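Colleague: Can you keep this structure in mind? I'll have questions shortly.
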Amino acid sequence: MSGSAPVISASGLVKTFGKTRALDGLDLEVAQGEVHGYLGPNGAGKSTTMRVLLGMLRPDEGRVRMLGGDPWADAVALHARLAYVPGDVELWPNLTGGEAIDLLARLRGHFDRARRDELCERFQLDPTKKARTYSKGNRQKVALISALASDVELLLLDEPTAGLDPLMEVVFQQAIREAKEAGRTVLLSSHILAQVEVLADRISIVRQGTVVETGSLRDLRHMTRTTVIADLGRPADGLGRLAGVHELTTDEDGQVRFQVDGDHVDEVVRALAPLGVRALVAHPPTLEQLLMRHYGDAVEPRDEPVEVAR
Amino acid sequence: MSATVATTVPRRSRHAHGRSATLAGTGTLVRFMLRRDRIKLPAWVGGMGLYVVYIGAALPVLAPTEEDLAAVTPMLEQPVGRMFTGPAYGMDSPTYETFFAGGYAPYLFLIAALMSIMLVTRHLRVEEQTGRAELVRANVTGRHAPLTAALVVALITNAVAAVVVSVLAMAYGFGAEGSWLVGVGTGTTGLAFAGVAAVTVQLAEHSRSAAGMAGAVLAGAYVLRALGDMAAVGGSALSWVSPLGWPAQTAPYVLDRWWPLLLHLALAVAGAVAAYALQARRDLGAGLLSARPGAPYARPALGTPLGLAARLQRGAVIGWGVGILAIGAVDGAFTDVMADSVESMPAAVQEMFGMEALVNGYLAFLAVFTGYLTAAYVVFAVQGLRSEEGSGRAEAVLATSTSRTAWVGSHLLVIAAGAALISVVTGLGTGLAVATVMDDWALLGEVLWAHLNLLPAVLVVLGLCAVLFGWAPPLLAPVGWAVVGLMIFVGNFGELLDLPDWIASLSPLSHPAQIPAEEFAAGPLVVLAALAVVGVALGLLGFRRREVQAR
Ligand SMILES: Nc1ncnc2c1ncn2[C@@H]1O[C@H](COP(=O)(O)OP(=O)(O)O)[C@@H](O)[C@H]1O
Ligand SMILES: [Mg+2]
Numbered sequence: 001m002s003g004s005a006p007v008i009s010a011s012g013l014v015k016t017f018g019k020t021r022a023l024d025g026l027d028l029e030v031a032q033g034e035v036h037g038y039l040g041p042n043g044a045g046k047s048t049t050m051r052v053l054l055g056m057l058r059p060d061e062g063r064v065r066m067l068g069g070d071p072w073a074d075a076v077a078l079h080a081r082l083a084y085v086p087g088d089v090e091l092w093p094n095l096t097g098g099e100a101i102d103l104l105a106r107l108r109g110h111f112d113r114a115r116r117d118e119l120c121e122r123f124q125l126d127p128t129k130k131a132r133t134y135s136k137g138n139r140q141k142v143a144l145i146s147a148l149a150s151d152v153e154l155l156l157l158d159e160p161t162a163g164l165d166p167l168m169e170v171v172f173q174q175a176i177r178e179a180k181e182a183g184r185t186v187l188l189s190s191h192i193l194a195q196v197e198v199l200a201d202r203i204s205i206v207r208q209g210t211v212v213e214t215g216s217l218r219d220l221r222h223m224t225r226t227t228v229i230a231d232l233g234r235p236a237d238g239l240g241r242l243a244g245v246h247e248l249t250t251d252e253d254g255q256v257r258f259q260v261d262g263d264h265v266d267e268v269v270r271a272l273a274p275l276g277v278r279a280l281v282a283h284p285p286t287l288e289q290l291l292m293r294h295y296g297d298a299v300e301p302r303d304e305p306v307e308v309a310r
Numbered sequence: 001m002s003a004t005v006a007t008t009v010p011r012r013s014r015h016a017h018g019r020s021a022t023l024a025g026t027g028t029l030v031r032f033m034l035r036r037d038r039i040k041l042p043a044w045v046g047g048m049g050l051y052v053v054y055i056g057a058a059l060p061v062l063a064p065t066e067e068d069l070a071a072v073t074p075m076l077e078q079p080v081g082r083m084f085t086g087p088a089y090g091m092d093s094p095t096y097e098t099f100f101a102g103g104y105a106p107y108l109f110l111i112a113a114l115m116s117i118m119l120v121t122r123h124l125r126v127e128e129q130t131g132r133a134e135l136v137r138a139n140v141t142g143r144h145a146p147l148t149a150a151l152v153v154a155l156i157t158n159a160v161a162a163v164v165v166s167v168l169a170m171a172y173g174f175g176a177e178g179s180w181l182v183g184v185g186t187g188t189t190g191l192a193f194a195g196v197a198a199v200t201v202q203l204a205e206h207s208r209s210a211a212g213m214a215g216a217v218l219a220g221a222y223v224l225r226a227l228g229d230m231a232a233v234g235g236s237a238l239s240w241v242s243p244l245g246w247p248a249q250t251a252p253y254v255l256d257r258w259w260p261l262l263l264h265l266a267l268a269v270a271g272a273v274a275a276y277a278l279q280a281r282r283d284l285g286a287g288l289l290s291a292r293p294g295a296p297y298a299r300p301a302l303g304t305p306l307g308l309a310a311r312l313q314r315g316a317v318i319g320w321g322v323g324i325l326a327i328g329a330v331d332g333a334f335t336d337v338m339a340d341s342v343e344s345m346p347a348a349v350q351e352m353f354g355m356e357a358l359v360n361g362y363l364a365f366l367a368v369f370t371g372y373l374t375a376a377y378v379v380f381a382v383q384g385l386r387s388e389e390g391s392g393r394a395e396a397v398l399a400t401s402t403s404r405t406a407w408v409g410s411h412l413l414v415i416a417a418g419a420a421l422i423s424v425v426t427g428l429g430t431g432l433a434v435a436t437v438m439d440d441w442a443l444l445g446e447v448l449w450a451h452l453n454l455l456p457a458v459l460v461v462l463g464l465c466a467v468l469f470g471w472a473p474p475l476l477a478p479v480g481w482a483v484v485g486l487m488i489f490v491g492n493f494g495e496l497l498d499l500p501d502w503i504a505s506l507s508p509l510s511h512p513a514q515i516p517a518e519e520f521a522a523g524p525l526v527v528l529a530a531l532a533v534v535g536v537a538l539g540l541l542g543f544r545r546r547e548v549q550a551r
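Each protein sequence line maps, in turn, to chains B and R.
For what it's worth, our numbering labels the leading residue of the first sequence as 1, then goes sequentially.
For what it's worth, our numbering labels the leading residue of the second sequence as 1, then goes sequentially.
Right, dumping it as structure tokens:
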């Protein structure tokens, strides 16, 4: 992370679509060899950032460098060194998944045929099916397999797990760790904190087109708050006085519920232990909770949007 | 009071679980569809209205008295004329109204059919394919609501079209009953094809194949009607098999019979019933025709921008090519019928097909006919680039080390090659048919040559489409199709309606020599080819400079 020049460095990016300011003075730095989590709620500007990095969009203001080049002017040369997985993968309906994987990988340049087959196996993708029959998750697998089998330095992944089931998410996480071991740099966007947490070395949080926090998970611990629900044998009066504990409530049958700051979890767990814990549930914070607490954003309940109106 | 509530609520909800539940939300969807189509549908119906207004106004210019019409009617009365128009009822003593019904109304039927096919496909299959239908269905919307709503919208639109056409025809003093027959026939044709499309959207999983299947039914109906009407004045059995034959068989202003339109209504109802039955047997987003397993690996050719473009454009070239070839060969096979009737034809008709020999004029016209169909293929194919871009598939390719020039350029190259292939094959096929029926093998070369002679003009359309795609992509479809429409209009009616020269010269097909009626001239071809090349170059430049759009 030291010494070598950053793989991606953007400063003061502004991109407007009509009246919408999709990017509003965005700064982003991704170091060589790291998995960088790019976190933001829907509409924050993650995909727009990716499309600027790919030279599909030209920023109105600001400066971007990627892999030592200018994404707009040097697009073709840079693209040979990266692989991109769009957020909403659309494939050619009358090509099979296998054909699409090979096509995209060949257009990029070098790819590893054996690794491609192995990834098909691990992701349980049937490459003989026409793409028109694939679900969103399967289309995403096609783009992922093609990207991961390509011999590139940088992976740009825009919400790559949005359509994957939990089992496949584990496969995905393993594949990203392998990519990191192979020395690749990964920019991984998501609107779900928990997905990024397990993989990312560093995280940038984007909101309304601006990066509001950036740092390692440890650096961001102060921002996160875990919700704890515990069934206790003894009264929990002392808990409320501990540093970092908030909104403690106890109901009739002795169940306590509170939130604890990320950097005080250790003390709280110690204090719980002697209270006769019968059951314990801990929820990581959602990105929306986190943003609401720190920036007062309205919470929009839209994890997996399946309904339009109510 | 609480007792009332307790008894009514369960009764109402029991009702909602019954048959009406599958239709829940239909009314809302109808309003929603009408709102989404608030430009499209009025444009279609307005277009039909303008067409009636134009024809109504043009007929007295073409033939100042109704007696003058007698001079032009053989054009509609001859077998080849009947092939393009209809059974030629009342053409023995033509009037403005019968000439309108016999020569021009058939295009209204075609337009209504196309409008309805697109309407139904747009609201049903495109919605399912994009997943938007899932969003809608997740609400209080019954399984059959979207289908019902789309059919209701088709009914409303075709009813409005029927009234517009009828009223405008009557405004020219055409007989009331005949005018209503033309208008209502237009509407019921639309409804019948809405029924056909309602079935094809159940079969195919992809909107293009759904629209393509319905389009194939329409093309089949056209061919059957053409062959049927060619066989005899008043049509023959084949005319009665075709849904496009039925509205003509009402013989507006002549026999004024309504009952053939019942066949349309029966087809519409049968289509709707079949669609409901099929829909109940399939999952949302799925089609009933399932796909076979395909290749697990891409062949080596499918690893370059050109290979991809060829693969993606292949279907369109084959589909359009076969259709255009079939039409050309059928038309070519009627050259002897044309030749036989040369002596009996009046001067006005000879003028329409060119000044020299009528046969040569006819052969030149066949090449022009192929020319505008090939231009339509070009516009359709370039639009494929728009959908590649809008769907994000272009972005996936451009995010590899494929340059923008390589991506657009390879598509344009493949489309140009496709147009050339269609010209050659259709030229050969038509020429073969002509040479066979005329027993003169020299004609094969002439017809082929006539087709190739028009290729630069067709490629000008490609150049124009490239410029539009590079600089003003939203204009590609409207301007592209308008140009094709203009080419057809000028080619079909240009001399008949005595259009001003500048309008005729807007069609690239007006510039090359009318081979074999005229001598070959290289000048126009060089200019047209240069225009095409400049257009493509400008288009490539434009696409390099602009942003890649996504949803
Ligand atoms: N092509 C576009 N035209 C108009 N608005 C756009 C376009 N692309 C993105 N936006 C808007 O820019 C904002 C950021 O979008 P996006 O980058 O897609 O967010 P994210 O990927 O974080 O969900 C949103 O408000 C979105 O509506
Ligand atoms: Mg996004």
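Every residue gets a Cβ at the ideal spot worked out from N, C-alpha and C, and that includes glycine.
Please read all numbers here as calculations on a predicted model, not as lab measurements.
Drop a sphere of 10 angstroms on the beta-carbon of Phe100/R, count the other beta-carbons inside from all chains shown, and report buried for 16 or more, exposed for fewer.
Modeller: Under this definition Phe100/R is a buried residue.
Colleague: Provide the residue(s) that pair with Lys141/B in DSSP beta bridges, ordered along the chain.
Modeller: In the DSSP output, where bridge partners are listed per residue, Lys141/B has none listed.
Colleague: Any idea what DSSP makes of Gln552/R, helix, strand or coil?
Modeller: An answer regarding residue 552/R cannot be provided, because it is not within the stretch 1 to 551 covered by chain R.
Colleague: Tell me whether Lys46/B counts as near ligand 2, meaning its Cβ is closer than 7 Å to at least one heavy atom of that ligand.
Modeller: At least one heavy atom of ligand 2 is nearer than 7 Å to the Cβ of Lys46/B, so yes.
Colleague: State the Cα-Cα distance for the pair Val45/R and Leu29/R, rounded to the nearest angstrom.
Modeller: Rounded to whole angstroms, Val45/R to Leu29/R spans 21 Å at the Cα level.
Colleague: So, is the C-beta of Met66/B closer than 8 Å to a C-beta in chain R?
Modeller: No, its Cβ sits nowhere closer than 8 Å to a Cβ of chain R.
Colleague: If you measure from the CB of Glu395/R, is any heavy atom of ligand 3 nearer than 7 Å?
Modeller: This structure lacks ligand 3; the ligands present are ligand 1 and ligand 2.
Colleague: Is Thr148/R helix, strand or coil by DSSP?
Modeller: Here Thr148/R sits in helix by DSSP.
Colleague: Quick one: which residues of the segment 139-151 of chain B get their C-beta closer than 8 Å to a C-beta of chain R? List them in chain order.
Modeller: Listed by position, the residues of the segment 139-151 of chain B near chain R (Cβ gap below 8 Å) are Ala143.
Colleague: Tell me whether Ser423/R sits in a helix, a strand or coil according to DSSP, three-state version.
Modeller: Three-state DSSP puts Ser423/R in a helix.
Colleague: So, is the C-beta of Val548/R closer than 8 Å to a C-beta in chain B?
Modeller: Judged by the 8 Å Cβ criterion, Val548/R is in contact with chain B.
Colleague: From Gly254/B to Ala230/B, what distance separates their C-alpha atoms?
Modeller: About 9 Å.
Colleague: Check Lys46/B in the structure and name its three-state DSSP category.
Modeller: Helix.
Colleague: Compare the C-beta of Gly142/R with all C-beta atoms of chain B and state if any pair is closer than 8 Å.
Modeller: So, not an interface residue.
Colleague: Kindly give me the distance between the Cβ atoms of Leu154/B and Arg202/B, rounded to whole angstroms, as I take these residues to be in contact under 8 Å.
Modeller: That belief does not hold up - the Cβ atoms of Leu154/B and Arg202/B are roughly 15 Å apart, past 8 Å.
Colleague: Quick check on His206/R - is its C-beta less than 8 Å from some C-beta in chain B?
Modeller: At least one chain B Cβ lies under 8 Å of His206/R.
Colleague: When you compare each of Gly294/R, Leu147/R, Gly332/R, Val153/R to Arg35/R by their alpha carbons, which one comes out closest?
Modeller: The shortest C-alpha separation from Arg35/R is found at Val153/R.
Colleague: When the cut-off is 8 Å and only beta carbons count, does Gly25/B lie next to chain R?
Modeller: Not closer than 8 Å to any Cβ of chain R, the Cβ of Gly25/B fails to qualify, so no.
Colleague: Taking Ala22/B as part of the beta strand (DSSP E), name the residues at either end of that continuous run.
Modeller: 20-30 is the extent of the beta strand (DSSP E) around Ala22/B.
Colleague: Whose C-beta lies closer than 6 Å to the C-beta of Val299/B among residues of the same chain, with five residues either side of it excluded?
Modeller: With a pLDDT of only 49 at Val299/B, under 50, the local geometry of the prediction cannot be trusted, and the value read off the model is given with reservation. Around Val299/B: Glu288, Met292.
Colleague: Would you say the beta carbon of Gly87/B is closer than 7 Å to some non-hydrogen atom of ligand 2?
Modeller: Answer for Gly87/B: yes, Cβ within range of ligand 2.
Colleague: Candidates Met438/R, Gly287/R, Leu428/R: which alpha carbon is nearest Val322/R's?
Modeller: Checked all of Met438/R, Gly287/R, Leu428/R; the closest Cα to Val322/R is Leu428/R.
Colleague: Going by CA-CA distance only, name the one from Gly183/B, Met56/B, Ala162/B, Pro71/B that's closest to His191/B.
Modeller: Closest by alpha carbon: Ala162/B.
Colleague: Which residues in chain B sit within 7 Å of Thr402/R, going by Cβ to Cβ distance?
Modeller: Within 7 Å Cβ-Cβ: Leu107.
Colleague: Work out the CA separation of Ala149/B and Leu280/B for me, nearest whole Å.
Modeller: Cα to Cα, the separation comes out at about 41 Å.
Colleague: Does the Cβ-Cβ distance between Gly220/R and Val317/R come in under 8 Å?
Modeller: No, the pair does not count as a contact, with Cβ atoms beyond the cut-off.
Colleague: Just curious, the alpha helix (DSSP H) that Gly390/R is in, first and last residue?
Modeller: Start and end: 358-391.
Colleague: Around the Cβ of Gln202/R, are there at least 16 other Cβ atoms within 10 angstroms (buried) or fewer (exposed)?
Modeller: Looking at its Cβ environment, which holds 16 or more other Cβ atoms inside 10 Å, Gln202/R is buried.
Colleague: Check this for me: beta carbons of Lys15/B and Val52/B, under 8 Å apart or not?
Modeller: Result yes, Cβ atoms of Lys15/B and Val52/B sit closer than 8 Å.
Colleague: Is the segment 383-402 of chain R touching the segment 102-114 of chain B, taking contact as three or more C-beta pairs under 8 Å?
Modeller: Yes, they touch.
Colleague: Look at the Cβ atom of Gly45/B, then the Cβ atom of Asp27/B, and state whether they are nearer than 8 Å.
Modeller: No, Cβ-Cβ distance for Gly45/B and Asp27/B is not below 8 Å.
Colleague: Kindly indicate the opening and closing residues of the beta strand (DSSP E) around Ile515/R.
Modeller: First-last for Ile515/R: undefined, no H or E at that position.
Colleague: Identify whether Lys15/B lies in helix, strand or coil by the three-state DSSP scheme.
Modeller: DSSP places Lys15/B in strand when its eight states are reduced to three.
Colleague: Run the proximity test for Glu159/B: is its beta-carbon closer than 7 Å to any non-hydrogen atom belonging to ligand 2?
Modeller: Yes - ligand 2 has a heavy atom lying nearer than 7 Å to the Cβ of Glu159/B.
Colleague: Determine the burial state of Ser146/B: buried for a count of at least 16 other Cβ atoms within 10 Å of its Cβ, exposed for fewer.
Modeller: Looking at its Cβ environment, which holds 16 or more other Cβ atoms inside 10 Å, Ser146/B is buried.
Colleague: Mind checking whether Val368/R and Ile415/R have CB atoms under 8 Å apart?
Modeller: Cβ distance not < 8 Å, so Val368/R and Ile415/R don't count as in contact.
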